[in-house]
Amino acid sequence: MILYLIYISFRNIDKEIQLASSQLICAAYKNRYDDAMYLLCDIGNSRLKYAICNNHGTLTAHDACAHTIDDTALLSRLDHVIEQYHVHTVVICCVSNNHCLQLIKQHIADNQLNHMTIHSESRFGELTNGYRDSTTLGADRWCALIGATAITHPVCVIDCGTAVTIDVVNVNYAHIGGIISCGLPSMRHALTAHTDLNAPRVPNTSVTLSALQDNTADAIDVGITTQLIALCRHWYAIAKHHCDMPCQCIMTGGDGELVLPHIDDASYRPHLVLEGMAQYVRLKGNIHNNTS
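Under our numbering, think of the first position of the sequence shown as 15, with each following residue one higher.
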């Protein structure tokens, strides 16, 4: 009888030890997840923009570099950020520059980091994708919509970069479609590539848009800039009509700040795609296996 009682006591102690060990493991796993840091890489047409966020979707740092940067310098930058913030996972949104994408993916593999590439989906939370084939909507546009609808809705998202994209989300979080056009760099390149006109690579942002110009370079800048402003105004008015109620306008992209003063009730968020990626991490960021 005494031996049996001793056996029962030891068995109970063993169970308590196992329970305590399990609780410690769970706590350690939770703390590891809570402290996880993510490197977000937005690979656009002309630049790589990157930022750090935690699993709660909070951005803590951001930077950018042109695709003209050499491979060694780019990887050195990313390595510095990865080491400084103890990055757990690299999250990629890519619409262009396959070389940059492959370079980063190879570096991730070489350093045995987790990674995830964001693709457009039919739904993210309450947000629904309005494209017939949801996978054909640009991943950057999808992330921008995720970022914008985390702030407000209905919303018209205008991204003024190498290309201009305008997308609309209604009161029901439904993406009802969008348009794509040339951005200022594309318009300038098209005009100078197909004519004998000459324009500097760096536009004159101080030129008066309401005045006729007395030189070719400024005439081109005014012409393409007012064309972009008219495009954004036109589609924002249509967005408000489709939403049938007050609709906010959020602008992003390299030339978004240039257009902003000419669009009523608009706000400018230069890191909107990264903000959307951070929201993606917040809801889907418990990533422990590599996904493409």
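We put the CB at the ideal spot given by N, CA and C, even for glycine.
Please read these numbers as outputs of a predicted model, since none were measured by experiment.
The beta strand (DSSP E) spanning residue i covers which residue range?
i    : result
N128 : 128-131
C55  : 51-57
L62  : 61-68
Q262 : 262-266
L73  : 73-80
I172 : 169-174
So, is residue i buried or exposed, given that buried needs 16 or more other C-beta atoms within 10 angstroms?
i    : result
E289 : buried
A41  : In this predicted model, A41 has a pLDDT of only 41, less than 50, meaning its place in the structure is not dependable; the value taken from the coordinates is given anyway. Per the 10 Å Cβ criterion, exposed.
N184 : buried
Q293 : buried
P168 : buried
I66  : buried
G58  : buried
A225 : exposed
P260 : exposed
Going by beta carbon distance, what residues of the same chain come within less than 7 Å of residue i, once the five residues before and after it are set aside?
i    : result
G144 : A188, H189, I190, G191
A273 : Here the sequence assigns Val to residue 273, which means Ala is not the residue at that position. Only C174, L242, I243, C246, M265 meet the Cβ criterion.
T219 : L272
A80  : S60, R61
I122 : V104, H129
Near residue i, which residues of its chain fall below 6 Å by C-beta distance, leaving aside the five closest residues on each side in sequence?
i    : result
T166 : Q262
W156 : S134
H102 : A50, M51
Which first and last residues belong to the alpha helix (DSSP H) in which residue i is found?
i    : result
H94  : 85-99
I243 : 230-257
L272 : 270-273
State the DSSP-derived secondary structure class of residue i, mapped to helix, strand or coil.
i    : result
R190 : According to the sequence as given, residue 190 is Ile; it is not Arg. It is a strand residue.
Y282 : strand
A164 : coil
I308 : No answer is possible for residue 308: the residues shown for the chain start at 15 and end at 306.
H121 : helix
L198 : helix
V105 : strand
R137 : strand
Could you check the C-alpha separation between residue i and residue j for me, to the nearest Å?
i    : j    : result
D210 : A204 : 11 Å
L286 : N229 : 36 Å
L54  : L92  : 10 Å
D385 : Y282 : No information on residue 385 is available, as it lies outside the stretch 15 to 306 that the chain covers here.
L297 : G237 : 43 Å
A231 : H248 : 26 Å
R46  : L115 : Reliability fails at R46, whose pLDDT of 45 lies under 50, so the model's placement of it is uncertain and the value that follows must be treated cautiously. Their backbone Cα atoms lie some 28 Å apart in a straight line.
A213 : L198 : 12 Å
Hey, is residue i's beta-carbon within less than 8 Å of any beta-carbon in chain B?
i    : result
E289 : The structure shown contains no chain B; it holds only a single protein chain.
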